[in-house]
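To keep things clear, I will list the structure first and then write my remarks on it.
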Amino acid sequence: MSVFDAHDFDDHEQVTFCHDRNSGLKAVIAIHNTNLGPALGGCRFWPYASESEAIKDVLRLSRGMTYKAALADLQLGGGKAVIIGDPAKDKTVEKLRAFGRFVQRLHGLYITAEDVGTTPKDMITIYEETRYVVGRETHEGGSGDPSVLTAFGVFTGIRACAYYKMGKEDLSGVRVAVEGLGHVGLDLVKRLSEAGASLVVTDINQPLLEKVSRQYGAQAVGVEEIFSADVDVFAPCALGGILNDATIPRLKCQIVAGSANNQLAESYHAKILEKRGILYAPDYLINSGGLINVSYEGPKYNLQEVMTHVGKIYYTLLEIFEAAKAHSITTSEASDCLAKDRFNKK
Ligand code: NAD
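Basically the numbering used here = 1-based index in the sequence shown + 508.
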């Protein structure tokens, strides 16, 4: 099997396969690029159907972290880890500790964090074996739930989009549809409501939807209706892949700006959005508030400093929108170019 030439390998610096016989741990740690600093990225615990699926996922995710950290202006590189197994059945303290020892062996080249299938509590277990872990609970010296800062970044990003597309400095009277009222979506709704935006919301969780609708005077709609809502901004805060051939033609908004990862089903969907005159805020930039937050974790953590840094998403978005216009490329392409410039320069 060819590794170095494989499409997904894409210039990775180092890929480590970790096996611990005693605990049964099977994990892969991928380090894409450390030009800007140590590679930071979460550890995903997932029941992959095959080892090649796990490898493909870790490579794709770790590459994405390089771009995300570079655009967030962090002195960090991109990396990610996956542990193969079902978190509900296979996650044990022994496996997590064994994983921590493998992270320790890299001596700080890779810093791990929580991801799908792992929790802040798991990070405390891993911390017993290595200091190279962030995202622990606040009472354990960590920076706590990153979603609040992610939501703040998305709110800031929506303001930048409204300014660029609608010439509006504030969001009062701007109509926003929020899809997904979980950790990020709910906090975003709160901020938008305080800013005087008019809200349309949806979630598969009906009681939650009704509660949020009542609390914020938001119009509740079904999960399919949200795509054709008559709004200025569509904020996807649930699943990835929701900007696709079926949904884009139904959008009535001028702006798509939300927290969900991998919103574009395929890269060509950025072009379709652009042709429809819809401004797209690249997901990995607008949702980088949580990453920025964990990067500040430590004894000197200062929320105000973190918020100032997250606030820079506003200016980076404007820079990308201008570059996209100047070079007749999509905002996605412009953000990839800016990220590459930053991490290749050092
Ligand atoms: P969450 O699991 O807390 O919330 C997701 C919400 O979406 C839930 O309320 C769920 O019921 C709802 N949902 C699921 N499917 C839906 C559908 N088809 N239609 C409408 N609603 C649906 O997740 P979160 O932490 O709020 O993250 C939201 C998105 O943002 C995810 O894509 C995540 O990867 C991304 N993200 C989150 C963070 C963070 O700090 N939490 C950071 C970066 C990116």
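Glycine included, each C-beta is placed from N, C-alpha and C at the ideal position.
- heavy atom of the ligand NAD below 7 Å from I666 C-beta: Against the sequence shown, residue 666 aligns to sequence position 158. Outside the cutoff, so no.
- Task: Take the Cβ of Y575 as the centre, count every other Cβ of all protein chains shown within 10 Å, and call the residue buried at 16 or more, exposed below.
- Result: On the sequence shown, position 67 is the one that residue 575 refers to. Under this definition Y575 is a buried residue.
- Is it true that the segment 648-667 meets the segment 583-599, where meeting means three or more beta-carbon pairs spaced less than 8 Å apart? no
- Query: Rounded to a whole number of angstroms, what is the C-alpha to C-alpha distance between H515 and E521?
  - Reply: Against the sequence shown, residue 515 aligns to sequence position 7. Against the sequence shown, residue 521 aligns to sequence position 13. Cα to Cα, H515 sits roughly 14 Å from E521.
- DSSP beta-bridge partners of G766: Looking up residue 766 in the sequence shown gives position 258. G766 pairs with nothing; no bridge assigned.
- DSSP-derived helix/strand/coil call for I750: The residue given as residue 750 occupies position 242 in the sequence shown. In this structure, I750 counts as coil in the three-state DSSP scheme.
- Task: In the DSSP assignment, find the unbroken alpha helix (DSSP H) run with A685 in it and report its ends.
- Result: Locating residue 685 in the sequence shown gives position 177, counting from the first residue. First-last for A685: R683 to E687, but that is the beta strand (DSSP E), not the alpha helix (DSSP H).
- Query: Cβ of V709 within 8 Å of Cβ of V692?
  - Reply: Within the sequence shown, the letter at position 201 stands for residue 709. Within the sequence shown, the letter at position 184 stands for residue 692. Contact flag unset, no.
- Message: By alpha-carbon positions, which one of G797, Y823 and L826 ends up nearest to E813?
- Response: Taking the first residue of the sequence shown as position 1, residue 813 is located at position 305. Considering only alpha carbons, the answer is G797.
- For the segment 641-714, list the alpha helix (DSSP H) runs that are entirely contained and at least 4 residues long, ordered along the chain. 655-674 and 691-702
- Touching by the beta-carbon criterion (3+ pairs, under 8 Å), the segment 546-562 and the segment 588-596: yes
- In the DSSP assignment, what residue or residues form a beta bridge with N541? Locating residue 541 in the sequence shown gives position 33, where the first residue counts as 1. Looking at the DSSP assignment, N541 forms a beta bridge with G586.
- Query: Taking the alpha-carbon positions, what's the I632 to I619 distance?
  - Reply: As a working note, residue 632 is residue 124 in the sequence shown. As a working note, residue 619 is residue 111 in the sequence shown. For I632 and I619, the distance between alpha carbons rounds to 14 Å.
- Check whether S570 and E805 have beta carbons under 8 Å apart: As a first step, residue 570 must be located in the sequence shown, where it is residue number 62. As a first step, residue 805 must be located in the sequence shown, where it is residue number 297. In this structure, E805 does not lie closer than 8 Å to S570 by Cβ.
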